[in-house]
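Each residue of the sequence shown is one higher than the one before, starting from 0 at the first, in numbering that gives the first Met the number 0.
Structure record follows, encoded as structure tokens.
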Amino acid sequence: MTRRLASHKQKGPDNEILSVLTIYEEGLSKQDIKKMTPYSKKHGVLIKSGKVYEFKD
Numbered sequence: 000m001t002r003r004l005a006s007h008k009q010k011g012p013d014n015e016i017l018s019v020l021t022i023y024e025e026g027l028s029k030q031d032i033k034k035m036t037p038y039s040k041k042h043g044v045l046i047k048s049g050k051v052y053e054f055k056d
């Protein structure tokens with residue numbers, strides 16, 4: 000099963016640019032995640048390979 004990853008940038012309280020990564024549970028589609036995080040521009044996939052996950056853009 001695959002997991003989805005969404006990322007975006009945001010300013011913190013001290014005006015630093017922060018990268019925000021959100022990893023979603025297995026089974027959610029890209030369309031579902033786009034509805035939950037419409038401001039996120041980059042979407043990736045984590046594919047389970049044994050006990051570890053591989054990242055795919």
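Every residue gets a Cβ at the ideal spot worked out from N, C-alpha and C, and that includes glycine.
As a quick exercise: from the options, pick the residue whose alpha carbon is nearest that of residue i.
i     : options                    : result
Leu17 : Glu24, Tyr23 and Gln9      : Gln9
Leu20 : Met0, Glu53 and Gly43      : Gly43
Tyr38 : Thr1, Ser6, Arg2 and Asp56 : Ser6
Leu45 : Asp56, Met35 and Thr36     : Asp56
Classify residue i as buried or exposed, calling it buried when 16 or more other Cβ atoms lie within 10 Å of its own Cβ.
i     : result
Tyr23 : buried
Leu27 : exposed
Run through the DSSP bridge pairs and tell me what residue i is partnered with.
i     : result
Ser48 : Val51
Thr36 : DSSP output for Thr36 lists no bridge partner at all.
Gln9  : Leu17
Leu27 : BP columns for Leu27 are empty, so no partner.
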